[in-house]
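**Q**
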Amino acid sequence: LVAYLVASSGAVVGTAADTSIPEASALRSTLSSTLPDYMVPAAFVVLDSLPLTPNGKLDVRALPAPEITDAGEYRAPVTEHEQLVANLFAELTGATRVGLDDSFFALGGHSLLAMRLLSQLRTRTGLELALRVLFEHPTVAGVAQALDQVQAEAQILAASGAVSVSRPPIIAGLGVLNPDTDGTQRVLSYGQIRLWTLTQIEGASGNYNMPTTLRLSGVLQSQALERALVDVIERHEPLRTVIANEDGAPVGYVRALEAQTTLLEYEDLSSLQEPEREAALEQITARDSITHFDLSRDLMIWARLIKLNGDQHILTLVMHHIAGDGVSMGVFCKELTQAYGARAQDQAPGWTPLAVSYADHAAWQRAWLEDSGELARQSQSWQAQLAGIPERLSLPTDYPREAGRSRAARYLPIEISAQTTAQLQALANRHQTTLFTVLIALYGTLLGRLANQSDVVIGSPVAGRTTEQADGLIGFFINTLALRVDSSGHPDLNTLMERVKGSVNHALTHQDLPFERLVEDLGVTRSLSHTPVYQASLTWQTQEAAELSLGGLTIESMPVALEQAKSDLALYLTPMPNGCISGMVEYDASLFAEGRVAQWATWFVRTLDQVEGLGQTATPVDTLSLIDQTERQQVLELFNRTQELDISLDGPGTAVTTLPELFEQQVARTPEAIALVSGDEQLSYSELDARANQLARHLLALGVRTEDVVAILLDRSVGMIVSMLAVLKAGAAYLPMDPSYPRERLSFMLTDSCASALISTSSLLDEAELEAPLTIRLDDYVLEVILEQYPSHAITDSERSTTLAPQNLAYLIYTSGSSGTPKGAGNTHQGAGNLVGELITAHAHNTNARVLQFASFAFDASFSEVMPALASGATLYLIDDAAVRTDPRALGRFIAEHRITLATLPPVILPEIPIEDLACLQTLVVAGEACSPALVKRHAKHCNMLNGYGPTEASVCVTIAGPLDPQMDAAALVPIGRPIQNTQIYILDGSLNPLPVGLAGELYIAGAGLARGYLGRAGLTAERFVANPFTPGARMYRSGDLARWTEDGVLEYLGRADAQVKIRGFRIELGEIEAAL
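For the sequence shown, UniProt numbering assigns the number 1 to the initial residue and increments by one for each residue that follows.
Printed below as a string of structure tokens:
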């Protein structure tokens, strides 16, 4: 944090008049008294003036970098506590000189070192310092001042006779349960009980093995190695503690090493040729790594020495996690090195006896946590911290999440450059936190974007060695922390960092609560398909790697892959001496394909690379670009190559411009073909055209003009289709109204649309009690006489008020409104005509097709049934009986009796229709709501099954998938397909940045099918129809739907981004219901 200062008016920097800016030390001292440490600038830079941009704003990039020198900034520690803290800072971080203002984390401190620091401070001063104090005041001065305060409080408590609640020391022998008998029973730790319970549930496996494979080159004394193994195993009880099942409860006993016990298995491969030897070696080490331990009788470590040739050996060590952890392996290798060196000289290792045992620590942990009430206190804090977490992280998978899947582990390397690492460390320093916290924050953000969740929980192991006495012990100290990353509200980087910093600090402060106890206290529902609380983890490996040194041998570590993944996704990262971060991604190969995980790893690194400078802006972190230029071109251009310059049905040079022309061209081609069937009534194309032309001329005679809205309130009938065509031919837009709607809703639609005329029947008008400037009653005998007087040939532009153009309004559809009132979306001839051209091809319309008209006339899907049929020579079948539409079995009979070949139906009704009634279908289109794989399996093997998607605001349908595969995976998403002709689909984040393949975002629609907007709702239109950033001067529609691209350019629908729902294909805004209530 750097402060830039300018002298007040009249003062000139560097002159005698320059009295307005105090020294940096004085500024820092004053600010420290009123601000937390992390808000106090690390440097102060005095300028004559602040650099400005041409627009008069501060030019941040032009600000000079601060010049900080040790001589000018260093303040030496003075008091006893200051000197102690400074020395410990230097000892733990390796810094050569530490002053009062040096930050522990800026010097390279991290979470593990922080715990060691507090442990050593406790040992040397007897004072208990909370971890949060170190994060809030990480300088030498801040920590020393906190120690002074704790000491003063302890003295007050002592004088009053009160007892201070702090971590007591571990007492030797506390872990022996039966000292008066054989003295072999031991207290088990929370962690040991947890792993024992898991092994009882899962059965024998290598899931909790810690394998190490080493190549040894040189002269090896195998007997000295075996004796050294005995020394280490004898020294550390957990390596020979067995756990018996006594009445369903685990009981630990220390096993004595018997003389005949074989500790080092031998294998001789020296007689094999090189290829066979390497193959045998790979087979043996793979088998050893998954050795099954019998926890009730085996030693908890297993070793094999494999001879390759005279001076080449392979040493395999496998430790069960119940006896140790990563730090334990380091202790093991260190002491094995010492013991081997002594045994090679026929001497015993000269170790100082252990002051306490792991069982003593387990007993101490139980006594302190349970007797002091600390366990309950930490549990309550954790429950509050994790209240409302999602059940699981919903990462997109390639394979079904089944309870009995293999969970096979696979690995991919990952590396973060030294330059990026330095930027991440600088960010950590600015927030007075650790590099680990930065990585958790950005890893959590990426996971949230992958899973489309703003609340993510990441598991992370913590060493669990909270006392200095535990440092030299082998045992299962490790605990798992649940770190919550809350990215709700699209926070900027600084806001996110403070949130995650608080989450990490809380977790470390309350790290004593065993994870298994946390799971129980949270009441998490157990599932065999995923781990509880978290499904992704991050392990920050800062402790020194376990290194073995055996005399003059050259030792090379060999990679060992674990058999099963511990979670869905695990990230292992290690800071390297060259300044970079190296690691690997472990993933569950029974859930994810390698390519998907490799892409995620690339996105994570790409996210980290963009951190520099982000802290100076308010840019939301979840809008960081994950996409490179190639991927950008893929999702913006390659997947949207839908341009069709000629969408005519009559061939090149005869481009259709309006809906009446589309229909009239078909009338000319097949005048005598049956166009429409409704009950016992049917009309040929020429008859239907004649009736529509006569009614259109009547509308024109009554004064209906181009762009007027004419409402149609009719039951399903020939008159409904005639009226629809007549309004279009007159140049007006039709407003379909369902007679089953409440009178209030019909009245609102009629008034809101400013309809110039209403076409209906006497009975429907009497029931609805509606009024319009013009009312046309189709059942009026006088009207029938009048219509017969009009010519029946096609309407021309000379008869209309103005020329009918593609940009004119074709129809108006009212959809549910979140504000409490419906909203009318107006669609043009251009958009509607574009859809007709697409569907005729996609749905295989032809003169032999029998098309079902199922959808409500007031629903836009009715247009996609009617117009493509009438523009292609098909026969349209209306369901004139309302009972048939609501009874799936009756609907099935209707389809079978009329030998329907093409039907568009909502998925919800299909399971109830007898499959044999659909045998006549050649094409089945599902639309209006999400379709399940079960439906696809049921129907796709019998016909050409398609899945359509689209909102009213984009002319009904914008993507089509199909033919669907009847063999598709039961856990997969049924795709919604690719964009139709002259349509572009964009998957964007909250800042309208394109998202790469596989990442969920909001679906935006552009192209020929866009509606004009919402009639009379300019504000809402501007909100939902926004400027298209990829095509200057164009618009796109914000759908509110969540979707993602697949690798082959197909879209998958993931749900809604808002509260809108769909029932039987109808869009419903819950806000409209709430307003009505």
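Positions of the beta carbon are idealized from the N, C-alpha and C atoms, including for glycine.
(1) Could you compute how far the alpha carbon of Gln922 sits from the alpha carbon of Thr875?
(2) Using the Cα positions of Leu483 and Gln365, report the straight-line distance between them to the nearest angstrom.
(3) Quick check: what's the CA-CA separation for Thr847 versus Leu683?
(4) For Arg410, which residues of its own chain have a beta-carbon under 7 Å away from its beta-carbon, when the five flanking residues on both sides are left out?
(5) Once the 5 residues before and after Leu550 are set aside, which same chain residues still bring their CB inside 6 Å of it?
(6) From Arg255, Glu258, Asp288, pick the residue whose C-alpha is nearest to that of Tyr266; which is it?
(7) For a test of the three-state rule: what should DSSP assign to Ser582, helix, strand or coil?
(8) Below 6 Å CB to CB, which residues in the same chain sit around Leu118 once its five sequence neighbours on both sides are set aside?
(9) Does DSSP put His110 in a helix, a strand or coil?
(10) Should the region 557–575 be regarded as contacting the region 198–211, the criterion being three or more beta carbon pairs within less than 8 Å?
(11) Roughly how many angstroms separate the alpha carbons of Thr802 and Ile813, rounded to a whole number?
(12) Taking Gly1001 as part of the beta strand (DSSP E), name the residues at either end of that continuous run.
(13) Tell me, to the nearest whole angstrom, how far the beta carbon of His530 is from that of Arg392; I am working on the premise that it is less than 8 Å.
(14) Whole-angstrom Cβ separation of Ser296 and Asn245, contact assumed at under 8 Å?
(15) Looking only at its chain, what residues have a beta carbon closer than 7 Å to the beta carbon of Thr337, apart from the 5 residues adjacent to it on each side?
(16) Three-state secondary structure (DSSP) at Leu518?
(17) Only counting the same chain, and skipping five residues up and downstream in sequence, which positions put a Cβ closer than 8 Å to that of Ser991?
(18) Suppose you measure from the CA of Ile389 to the CA of Asp492; what does that come to, to the nearest Å?
(19) In three-state DSSP terms, what is Thr952?
(20) Taking a contact to mean a Cβ-Cβ separation below 8 Å, would you say Thr79 touches Asp102 in this structure?
(21) Lys501 lies in the beta strand (DSSP E); which residues open and close that run?
(22) With Phe476 and Ile322 assumed to form a contact (beta carbons below 8 Å), what rounded beta-carbon distance in angstroms separates them?
(23) Can you tell me whether Tyr949 is buried or exposed? The criterion is at least 16 other CB atoms within 10 Å of its CB, across all chains shown.
(24) Quick one: is Glu1074 buried, meaning 16 or more other Cβ sit within 10 Å of its Cβ, or exposed?
(25) Cβ atoms of Val836 and Ala757: under 8 Å apart, would you say?
(26) Compare the Cα-Cα distances from Gln145 to each of Pro77, Phe105, Ile156, Asn209 and report the closest residue.
(27) Below 8 Å between beta carbons: does that hold for Gly824 and Ala673?
(28) Mind reading off the beta-carbon distance from Ser717 to Ser678? Whole number of angstroms is fine, and I expect it under 8 Å.
(29) Between Arg186 and Glu237, how many whole angstroms is the CB-CB distance? I'm expecting something under 8 Å.
(30) With a threshold of 16 other CB atoms inside 10 Å of the CB of Leu528, please say whether the residue is buried or exposed.
(31) Shorter than 8 Å from the beta carbon of Gln338 to some beta carbon of chain C?
(32) Decide if the region 1029–1043 is in contact with the region 943–958; the criterion is three or more beta carbon pairs, one per stretch, under 8 Å apart.
(33) In whole angstroms, give me the CA-to-CA distance for Gly523 and Asn479.
(34) What do you get for Asn578, buried or exposed, if any count of 16 or more other CB atoms within 10 angstroms of its CB means buried?
(35) With H, G and I counted as helix, E and B as strand and the rest as coil, what does DSSP make of Lys941?
(36) Leaving aside the five residues before and after Leu450 along the sequence, list all residues of the same chain whose C-beta is less than 6 Å from its C-beta, in chain order.
**A** So, from the listed chains and residues:
(1) 14 Å
(2) 23 Å
(3) 15 Å
(4) Tyr587, Ala589, Glu594
(5) Tyr340
(6) Asp288
(7) strand
(8) Leu129
(9) coil
(10) yes
(11) 23 Å
(12) 1001–1007
(13) 5 Å
(14) 7 Å
(15) Leu548, Ser549, Leu550
(16) helix
(17) Thr619, Pro620, Thr623
(18) 22 Å
(19) helix
(20) no
(21) Note, Lys501: premise wrong, no beta strand (DSSP E); alpha helix (DSSP H) at 493–509.
(22) 6 Å
(23) buried
(24) The pLDDT assigned to Glu1074 is 42, lower than 50, so where the model puts this residue is not dependable; a value taken from the coordinates is nonetheless given after this. By the 10 Å Cβ count, Glu1074 comes out exposed.
(25) no
(26) Pro77
(27) no
(28) 6 Å
(29) 7 Å
(30) exposed
(31) You won't find chain C in this structure, because it holds only one protein chain.
(32) yes
(33) 19 Å
(34) exposed
(35) coil
(36) Leu395
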